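Asks: Using our numbering, the first residue of the sequence shown is number 997, and each one after it goes up by one. Glycine included, every Cβ here is placed at the ideal spot set by N, Cα and C. Please read all numbers here as calculations on a predicted model, not as lab measurements.
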Amino acid sequence: MTSVLDAPSPADSTASPGRAALAGVLAAATALGVSELLGAVRAGDPSLITSVGEAVIDLAPGGVVDAGISVFGTNDKPALVIGILIVAALIGARVGRAAERRPWVGAAVFTAFGLIGWLAVVRDPLANGTAGFVIAALTAAIGWFTLRWLLDALRPSDDGSSTAAAPTVEYPGGRRQFLGRAGLAAGTAVVAPAIGRRLRDRADVAASRDAVQLATATPTETASLDLPVEGISPLYTPNDDFYRIDTALAIPQVDPANWSLRITGEVEEEIEISFDELVEMSVVEEDVTIACVSNEVGGGLIGTARWTGVPISQLLDRARPTANAEQLMGISVDGFTAGFPLELAYDGRPALIAVGMNGEPLPVRHGFPARIIVGGIYGYVSATKWLSSIRLTQWDGVDGYWIPRGWSKEAPIKIQSRIDVPRRNAAIEAGTTAIAGVAWAQPVGVARVEVSIDDGPWQEAELGTELTGNTWRQWMLPWDATSGRHRIAVRATDLAGQVQTDALAAPAPNGATGHHTVDVDVR
Ligand SMILES: Nc1nc2c(c(=O)[nH]1)N[C@H]1C(S)=C(S)[C@@H](COP(=O)(O)O)O[C@H]1N2
Ligand SMILES: [Mo]
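1) Buried or exposed: where does residue 1429 fall if 16 or more other Cβ atoms within 10 Å of its Cβ makes it buried?
2) Would residue 1490 and residue 1441 be called neighbours here (beta carbons separated by less than 8 Å)?
3) What do you reckon, is the C-beta of residue 1060 under 7 Å from a heavy atom of ligand 2?
4) Classify residue 1070 as helix, strand or coil using the three-state DSSP reduction.
5) In the DSSP assignment, the alpha helix (DSSP H) including residue 1204 goes from what residue to what residue?
6) Check for me: the beta strand (DSSP E) holding residue 1336 runs from which residue to which?
7) Excluding the 5 residues flanking residue 1225 on each side, which residues of the same chain have their C-beta closer than 7 Å to its C-beta?
8) When you measure from the CB of residue 1082 to every non-hydrogen atom of ligand 2, does any distance come out below 7 Å?
9) Helix or strand or just coil, what does DSSP make of residue 1244?
10) Does the beta-carbon of residue 1289, which I'm using as the reference point, lie nearer than 7 Å to any heavy atom of ligand 2?
11) For the alpha helix (DSSP H) that contains residue 1279, what are its first and last residues?
12) CB of residue 1242 to nearest heavy atom of ligand 1: below 7 Å?
13) Got a sec? Which residues, its chain only, sit under 8 Å from residue 1213 by beta carbon, not counting five neighbours each side?
14) Straight-line CA distance for residue 1015 to residue 1352?
15) State yes or no: is the C-beta of residue 1409 within less than 8 Å of the C-beta of residue 1438?
16) If you scan the segment 1386-1428 from start to end, which runs of the beta strand (DSSP E) of 3 or more residues do you find wholly inside it?
17) Please state whether DSSP places residue 1060 in a helix, a strand or coil.
18) Leaving out the 5 sequence neighbours to the left and right, which residues in its chain are closer than 8 Å to residue 1505 when beta-carbon positions are compared?
19) Do three or more CB pairs link the segment 1270-1283 to the segment 1254-1262 at distances below 8 Å?
20) Three or more C-beta pairs closer than 8 Å, one from the segment 1325-1341 and one from the segment 1385-1398: is that the case here?
21) Going by DSSP in three states, residue 1433 sits in which element: helix, strand or coil?
22) So if DSSP puts residue 1317 in a beta bridge, which residue, or which two residues, is it bridged to?
23) Count the other CB atoms within 10 Å of the CB of residue 1414; is the residue buried (16 or more) or exposed (fewer)?
24) Rounded to whole angstroms, what is the Cα-Cα separation between residue 1013 and residue 1503?
25) Which same chain residues, not among the five before or five after residue 1485, have their C-beta less than 6 Å away from its C-beta?
26) How is the beta strand (DSSP E) around residue 1516 delimited, first residue to last?
27) State the Cα-Cα distance for the pair residue 1196 and residue 1125, rounded to the nearest angstrom.
28) Cα separation between residue 1309 and residue 1347?
29) Rounded C-beta distance between residue 1285 and residue 1436? I'm assuming under 8 Å.
30) How many angstroms separate the CA atom of residue 1340 from the CA atom of residue 1262?
31) Got a sec? Which residues, its chain only, sit under 7 Å from residue 1357 by beta carbon, not counting five neighbours each side?
32) Spell out a yes or no on whether the segment 1242-1250 and the segment 1286-1295 are touching, meaning 3 or more CB-CB pairs, one atom from each, closer than 8 Å.
33) Looking at the structure shown, is residue 1148 part of a helix, part of a strand, or coil, going by DSSP?
34) Do residue 1375 and ligand 2 come close, with the Cβ less than 7 Å from some heavy atom?
35) Assuming contact is defined by CB atoms lying nearer than 8 Å, are residue 1424 and residue 1518 in contact in what I supplied?
36) Determine which residues share a DSSP beta bridge with residue 1369 and list them.
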């Protein structure tokens, strides 16, 4: 099957197909680069690349997104943007060659580019559709004009001397003119988005965040174990080291001055709370370990912080849920949703609207100005960042973002334990050394951690003092390491007597299970 793009072009024999392809790549790059600049001129206007990326994330089957996360880890977002740019460049190369002979192909493909960008903006809840239309139309036009302008320089001059004779045509001035134009296009493709980035940084909310005054202080790192162990996870994860998982390609920049939290749906009275009011009410501090359902056994998508905020129940007392209210759905400014059973807001576990994290206002990447934090359930069913509203609904038929993408609707965090030291494949000296790590069993808490070496008997580890049942607990076992290769395994038991299973399960659909094991070489 041949398409318009595949059909042999007579032009291929008269000009360099390589240069025509380059013209196409540069036209696409210039268009995308200028679109990044156009989107940044007015604060709040969309970036077509970001909107297309978010559309890809939203429309891709859940399994594809999960695969992306497992291959690229927390670099999944740069990988997606690079992927989009590569696809655009490949299409550009084909179009450059095809359009040399059939200019309408260039017009058609750039119009399609613009259309895709515009449609992506329209379905992006954070983006302004009208601005998106103007930007997409200009982007398409710039791409097409750039392509024509570059291809023009490849056209043989009409002095007749260079047409039929030579197989590789060198036309006077043509080559230099093409290179000049190509250089200009490439420069624009690099400089325009760089300026756009500078302009966007103006809209950054870091300054508003710095101005927030919380009534609480940074938690002091308490020594929970009798003997400190180098390399063990600290009890409180520093904000800068805290894992980040979300669907946002561009971190939402929410100005608290224009923000309010609304509580809607199955309530007697819809309420709306300003940020200042929320901060004033935020006097509760809760230590909570939050975890991502995508965390593999032994993985790092988990962290502990002291969260400052308002108990959700306190706000619900004002809004008064109706008898039909069964689910609490957090809705973010970027359209993400996460729902959990309403009774969890009342059963005594921490369930907060958080504005502070480890004594600071929420970092922008962790949900500034406000997010939900609930003990004992995975983040995808609870921890809505950049919270915009809370909606009370029935349970059946109303699902949060990840549920139709193949993840369980109810998702309690599973009992787990992790070996932090020694690290995998570490080479250690024979003699006494520490095996240590963290274990969690929210909301009840960890009762026991045991370690097995080379499939030997389970030996009970020393436990660190517990912050709360909703946080992880440090553990440590002194080990007299003998030379050779050894396998260390760990398991936890919770305060209700449940022992962590050794059955291996993948993260989907509701959390990984199995024992974390680490192999080491002792010299
Ligand atoms: N707005 C928004 N909130 C979100 C998500 C998201 O994609 N968008 N992801 C959730 C998931 S899956 C997890 S695990 C936690 C992670 O919170 P963190 O990035 O602060 O660690 O945020 C939750 N809140
Ligand atoms: Mo997650």
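Replies: By the coordinates alone:
1) buried
2) yes
3) no
4) helix
5) Unbroken alpha helix (DSSP H) run through residue 1204: 1202-1206.
6) Element bounds for residue 1336: 1333-1337.
7) Leaving aside the five residues that flank residue 1225 on each side, the residues in its chain whose CB is nearer than 7 Å to its CB run, in chain order, 1417, 1430, 1432 and 1472.
8) no
9) coil
10) yes
11) Careful: residue 1279 lies outside any alpha helix (DSSP H) and carries neither H nor E.
12) yes
13) 1355
14) Whole-angstrom Cα-Cα distance: 55 Å.
15) yes
16) Annotation: the segment 1386-1428 contains the following complete segments of the beta strand (DSSP E) (minimum length 3 residues), in chain order: 1412-1417.
17) helix
18) So the list reads 1402, 1403 and 1404, once near-sequence residues are dropped.
19) yes
20) yes
21) strand
22) 1263
23) It is buried - the Cβ of residue 1414 has at least 16 other Cβ atoms within 10 Å.
24) 48 Å
25) Contacts found: 1448, 1511 and 1513.
26) 1512-1518
27) 18 Å
28) Rounded to whole angstroms, the separation of the alpha carbons of residue 1347 and residue 1309 is 8 Å.
29) 5 Å
30) 16 Å
31) 1205, 1208, 1210, 1351 and 1364
32) no
33) helix
34) yes
35) In contact: residue 1424 and residue 1518 (Cβ atoms closer than 8 Å).
36) 1348
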